[in-house]
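Colleague:
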């Protein structure tokens with residue numbers, strides 16, 4: 001069991017972040033925000049995949065205004081991502097954004113920031129201080145020999161948090177993202193021991209689906225396992241729905257949250273007498289829509305098969321053309337290889353229905 | 359920088375494992391080992407992808423004998439995976455296997471084990487004590503309330519290591535795999551503080567490509583970041599070549615080893631004016647065969663784009679239909695969106711050639 005660090009709690013719309021709340025899953029749209037239809041469509045897909053907070057880019061005034069229409073059309077809180085121009089932030093807040101993300105490295109004059117924070121305070125809108133290694137303040141970069149090190153990221157975060165606190169604002173969330181995993185981890189550890197605001201975890205610009213998921217899993221995984229982090233975003237160059245799926249896989253690997261099938265399947269070595277890769281793929285594809293948390297073991301042979309299959313909610317352990325089915329640790333029956341996918345789906349549906357009724 | 363735990367060094371064929379050697383990448387074949395042609399073909403593919411040690415299942419005497427032909431046809435050391443029957447191990451050693459993996463939970467009588475270890479000792483063949491949560495010894499499982507906990511895994515490992523030591527054998531490597539990430543991590547931490555043998559890391563039965571890579575990345579990643587682990591195997595229900603690719607992605611994320619392109623690419627939000635997902639995918643596909651370690655940044659907009667592109671060996675930061683090309687931190691020129699993939703490939707090829715000449 002992971003012992004989670006205690007942070008303050010903020011509310012992004014109706015979603016609690018920090019203070020012992022479950023680790024919240026976020027993503028960001030890839031559509032042009034001013035294209036309301038496309039953006040709403042994408043957010044609806046994200047909602048269905050389990051996304052709990054969504055961020056939209058606000059690079060211009062049309063996008064800031066579009067937030068109003070988007071917000072009323074979707075069910076999850078919408079965060080406006082603001083760079084360079086504080087006025088876009090004010091407009092987004094007025095349009096009903098549930099939170100703001102500002103990048104301290106580029107938000108501009110202190111006066112502008114002050115008007116933005118004033119607006120956020122009136123409407124009780126939290127602000128994420130979102131530090132990013134690719135866009136640190138020049139004086140900080142200069143101080144750290146032009147290297148966006150963990151210390152540089154932390155200095156930027158703390159400076160900007162203090163700035164907001166001096167304005168009487170404490171409705172804050174913090175992130176410090178680097179595309180380097182170890183820098184990211186070090187930065188979050190340091191900031192966690194210095195600030196008690198909730199932390200939004202992410203490895204930035206992590207890359208394409210597999211590559212990015214691996215990098216994010218290590219960075220986010222190390223921190224979550226240490227109890228650091230209140231909300232996560234897996235940053236992938238891919239359909240944002242994949243970000244949400246990957247996020248739940250990370251949380252489920254650490255037993256922090258479960259959604260849908262936790263699959264235990266062996267790599268199918270020379271011992272396996274059944275076509276495990278095909279069976280597992282087929283099963284996984286059909287089970288994509290299941291949200292009930294269930295553990296399913298699909299094992300190729302008798303070495304670890306019965307052991308794992310017995311520990312799962314549903315399990316099959318393959319033999320020569322046949323497999324043995326386990327339900328909640330009990331041996332149920334022998335089944336044929338060609339029935340496996342069908343039987344597994346049936347079992348999952350039954351258990352899922354039962355859990356729903358409970 | 360990661361400070362790696364000091365372990366003894368063993369040699370698997372010509373590959374050093376432990377004692378400060380680089381973290382070695384392993385995989386396991388999915389073919390029937392007695393099918394020599396198919397197995398050799400798969401191992402050749404694994405070699406090309408960077409696999410440094412390969413394991414083959416030895417479930418029968420034909421497989422044990424096949425090791426002789428396989429071994430002479432491939433360039434990397436071959437480890438024979440033995441369960442239930444020590445005689446298969448003896449036959450594999452006689453056939454030239456470079457190492458053995460035995461599962462203490464099922465190797466059978468002490469007398470049989472003794473003859474196997476004697477054979478390994480004569481031929482200076484290392485043995486991995488490969489504990490697996492799905493197949494623990496019954497008395498240990500019973501002691502731990504039938505739960506394959508970290509303590510149960512550690513007790514099995516230490517008991518069996520002592521058994522081999524009592525036979526005068528010290529050419530040992532240890533693994534303790536569970537399909538639960540936190541159990542795996544805890545078990546390896548405990549064993550690392552109790553034994554100084556090199557450790558083979560892995561999360562067992564991790565699942566299909568993405569799911570399994572995420573689970574493995576967290577487990578293996580946490581341990582490697584703490585300096586634990588001398589060789590890794592990413593266990594995936596997928597083509598084993600994917601296991602090798604994922605392994606290098608994990609090692610590269612932690613700056614432990616680099617092979618091929620380290621890709622930094624942003625998730626492409628509403629700010630991006632170029633089709634980043636398509637461009638990145640296309641580039642990645644074409645760059646699959648590059649083995650020279652290079653960092654490439656493909657960024658969608660001006661927020662973090664120039665910052666990241668400047669830090670990489672080659673970088674592009676997109677704008678409205680155009681992008682800016684950076685080489686080793688220097689701004690080179692503006693390029694059109696449709697030229698991006700082509701220009702990036704050209705740059706990578708040039709740098710790769712230069713590094714090869716150095």
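Protein chains in written order, with this note's numbering: chain A, 1 to 358; chain B, 359 to 716. Don't be surprised by glycine CBs; every beta carbon is placed ideally from N, CA and C.
Going residue by residue through the region 521–596 of chain B, where are the continuous beta strand (DSSP E) segments of at least 3 residues, counting only ones entirely within it?
Modeller: Correct list: 530–535 and 589–591.
Colleague: What is the DSSP secondary structure of residue 481 of chain B, counted as helix, strand or coil?
Modeller: The count along the second chain starts at 1 and reaches residue 481 of chain B at position 123. Note: residue 481 of chain B maps to coil in three-state DSSP.
Colleague: Using alpha carbons as the reference points, say which of B/374, B/698, B/472 and B/381 lies closest to residue 612 of chain B.
Modeller: As a working mapping, residue 612 of chain B is identified with position 254 in the second chain. Checking every option, the nearest Cα to that of residue 612 of chain B belongs to B/381.
Colleague: What residues match up with residue 369 of chain B in a beta bridge as DSSP calls it?
Modeller: Walking along the second chain from the start, residue 369 of chain B turns up at place 11. Note: residue 369 of chain B sits in a beta bridge opposite B/374.
Colleague: Is the Cβ of residue 340 of chain A closer than 7 Å to any Cβ of chain B?
Modeller: Within the first chain, the letter at position 340 stands for residue 340 of chain A. No, residue 340 of chain A does not count as interfacial toward chain B.
Colleague: Is it true that the CB of residue 623 of chain B sits closer than 7 Å to the CB of residue 31 of chain A?
Modeller: The residue labelled residue 31 of chain A in the question sits at position 31 within the first chain. The residue labelled residue 623 of chain B in the question sits at position 265 within the second chain. Result no, Cβ atoms of residue 31 of chain A and residue 623 of chain B do not sit closer than 7 Å.
Colleague: Which word fits residue 503 of chain B, buried or exposed, when buried means at least 16 other C-beta atoms lie within 10 angstroms of its C-beta?
Modeller: What you label residue 503 of chain B is simply residue 145 of the second chain in a count that begins at 1. That one is exposed.
Colleague: Using a Cβ-Cβ cut-off of 7 Å, state whether residue 573 of chain B counts as contacting chain A.
Modeller: In the second chain, the residue the question calls residue 573 of chain B occupies position 215. Closer than 7 Å to some Cβ of chain A, the Cβ of residue 573 of chain B qualifies, so yes.
Colleague: So, does the CB of residue 251 of chain A fall closer than 7 Å to a CB anywhere in chain B?
Modeller: If you number the first chain from 1, residue 251 of chain A lands on position 251. Chain B contact via Cβ: absent.
Colleague: Under 7 Å between C-beta atoms, does residue 200 of chain A make it to chain B?
Modeller: One-based indexing of the first chain puts residue 200 of chain A at position 200. Not closer than 7 Å to any Cβ of chain B, the Cβ of residue 200 of chain A fails to qualify, so no.
Colleague: Any residues in the region 569–597 of chain B with a beta carbon nearer than 7 Å to a beta carbon of chain A? Which ones, in chain order?
Modeller: Answer in chain order: 569, 571, 572, 573, 575, 576, 579, 580, 583, 593, 594, 595 and 596.
Colleague: How would you label residue 500 of chain B, buried or exposed, when you count the other beta carbons within 10 angstroms and need 16 or more for buried?
Modeller: Within the second chain, the letter at position 142 stands for residue 500 of chain B. Exposed, since its Cβ has fewer than 16 Cβ neighbours within 10 Å.
Colleague: Taking all protein chains shown into account, decide if residue 122 of chain A is buried (16 or more other Cβ within 10 angstroms of its Cβ) or exposed.
Modeller: Reading the first chain from its first residue, position 122 is the one you call residue 122 of chain A. The residue in question, residue 122 of chain A, is exposed, as its Cβ has fewer than 16 Cβ neighbours within 10 Å.
Colleague: Quick check on residue 386 of chain B - is its C-beta less than 7 Å from some C-beta in chain A?
Modeller: Mapped onto the second chain, residue 386 of chain B falls at position 28. Interface residue, yes.
Colleague: Relative to chain B, which residues along the region 41–60 of chain A have a C-beta separation below 9 Å, given in chain order?
Modeller: Within the region 41–60 of chain A, the residues whose Cβ lies closer than 9 Å to some Cβ of chain B are 55, 56, 57, 58 and 59, listed in chain order.
Colleague: Is residue 624 of chain B close to chain A, meaning its C-beta is less than 7 Å from at least one C-beta of that chain?
Modeller: Translated into the one-based positions of the second chain, residue 624 of chain B becomes position 266. Interface residue, yes.
Colleague: How long is the line joining the alpha carbons of residue 681 of chain B and residue 430 of chain B, rounded to whole angstroms?
Modeller: Locating residue 681 of chain B in the second chain gives position 323, counting from the first residue. Locating residue 430 of chain B in the second chain gives position 72, counting from the first residue. The alpha-carbon atoms of residue 681 of chain B and residue 430 of chain B are separated by roughly 51 Å.
Colleague: Which stretch, first to last residue, makes up the alpha helix (DSSP H) that contains residue 406 of chain B?
Modeller: Indexing the second chain from 1 puts residue 406 of chain B at position 48. Here the alpha helix (DSSP H) through residue 406 of chain B covers 394–407.
Colleague: For residue 415 of chain B, does the three-state DSSP call read helix, strand or coil?
Modeller: The residue labelled residue 415 of chain B in the question sits at position 57 within the second chain. Of the three classes helix, strand and coil, the one that applies to residue 415 of chain B here is strand, per DSSP.
Colleague: Are the CB atoms of residue 80 of chain A and residue 58 of chain A nearer to each other than 7 Å?
Modeller: By one-based count along the first chain, residue 80 of chain A stands at place 80. By one-based count along the first chain, residue 58 of chain A stands at place 58. Cβ distance < 7 Å, so residue 80 of chain A and residue 58 of chain A count as in contact.
Colleague: Is the CB-CB distance between residue 274 of chain A and residue 341 of chain A below 7 Å?
Modeller: Locating residue 274 of chain A in the first chain gives position 274, counting from the first residue. Locating residue 341 of chain A in the first chain gives position 341, counting from the first residue. No, these two residues do not count as a Cβ contact at 7 Å.
Colleague: Just tell me which of A/262, A/354, A/232 and A/108 has its CA closest to the CA of residue 382 of chain A.
Modeller: Summary: the structure shown does not reach residue 382 of chain A, with chain A confined to residues 1 through 358, and so no result is reported for it.
Colleague: State yes or no: is the C-beta of residue 391 of chain B within less than 7 Å of the C-beta of residue 554 of chain B?
Modeller: Counting from one through the second chain, the residue named residue 391 of chain B turns up at place 33. Counting from one through the second chain, the residue named residue 554 of chain B turns up at place 196. No, they are not a contact pair.
Colleague: By alpha-carbon positions, which one of A/86, A/339, A/268 and A/287 ends up nearest to residue 64 of chain A?
Modeller: Along the first chain, one-based indexing puts residue 64 of chain A at 64. Considering only alpha carbons, the answer is A/86.
Colleague: Report yes or no: do three or more beta-carbon pairs, one from the region 570–579 of chain B and one from the region 393–401 of chain B, lie closer than 8 Å?
Modeller: Cβ pair count under 8 Å is below three, so no.
Colleague: Which term fits residue 687 of chain B, buried or exposed, when burial requires 16 or more other beta carbons within 10 angstroms of its beta carbon?
Modeller: To locate residue 687 of chain B, count along the second chain from 1; it is residue 329. That one is exposed.
Colleague: Can you find the residues in the same chain that come closer than 7 Å, C-beta to C-beta, to residue 474 of chain B, ignoring five residues on each side of it along the sequence?
Modeller: If you number the second chain from 1, residue 474 of chain B lands on position 116. Same-chain partners within the cutoff: 444, 447 and 448.
Colleague: Within this structure, are the beta carbons of residue 539 of chain B and residue 561 of chain B separated by less than 7 Å?
Modeller: Along the second chain, read from residue 1 onward, the residue named residue 539 of chain B stands at position 181. Along the second chain, read from residue 1 onward, the residue named residue 561 of chain B stands at position 203. Going by C-beta atoms, residue 539 of chain B is nearer than 7 Å to residue 561 of chain B.
Colleague: Assuming residue 436 of chain B and residue 83 of chain A make a contact with CB atoms under 8 Å, what is their CB distance in whole Å?
Modeller: Working through the second chain from its first residue, we reach residue 436 of chain B at position 78. Working through the first chain from its first residue, we reach residue 83 of chain A at position 83. Not a contact, Cβ separation roughly 54 Å.
Colleague: Quick check on residue 708 of chain B: buried or exposed, where buried means 16 or more other Cβ atoms within 10 Å of its Cβ?
Modeller: The residue given as residue 708 of chain B occupies position 350 in the second chain. With fewer than 16 other Cβ atoms within 10 Å, it is exposed.
Colleague: What are the boundary residues of the beta strand (DSSP E) that residue 348 of chain A is part of?
Modeller: Taking the first chain and counting its residues from 1, one reaches residue 348 of chain A at position 348. Note, residue 348 of chain A: premise wrong, no beta strand (DSSP E); alpha helix (DSSP H) at 340–357.
Colleague: Starting from the Cα of residue 666 of chain B, find the closest Cα among A/48, A/76, A/132 and A/56 and give me that residue.
Modeller: Taking the first residue of the second chain as 1, we reach residue 666 of chain B at position 308. Among A/48, A/76, A/132 and A/56, the Cα nearest to that of residue 666 of chain B is on A/132.
Colleague: Whole-angstrom Cβ separation of residue 451 of chain B and residue 419 of chain B, contact assumed at under 8 Å?
Modeller: Looking up residue 451 of chain B in the second chain gives position 93. Looking up residue 419 of chain B in the second chain gives position 61. Between residue 419 of chain B and residue 451 of chain B the Cβ distance is about 13 Å, and since that is not below 8 Å, they are no contact.
Colleague: Once DSSP output is grouped into helix, strand and coil, what is the label at residue 609 of chain B?
Modeller: For the purposes of this step, residue 609 of chain B is taken as residue 251 along the second chain, with counting starting at 1. Correct three-state label for residue 609 of chain B: helix.
Colleague: Within the present structure, is the beta-carbon of residue 225 of chain A separated from the nearest heavy atom of the ligand PLP by less than 6 Å?
Modeller: This structure simply doesn't include the ligand PLP, nor any ligand for that matter.
Colleague: What residues in its chain sit with their C-beta under 7 Å from that of residue 327 of chain A, if we drop five residues either side in the sequence?
Modeller: Walking along the first chain from the start, residue 327 of chain A turns up at place 327. 314 and 347.
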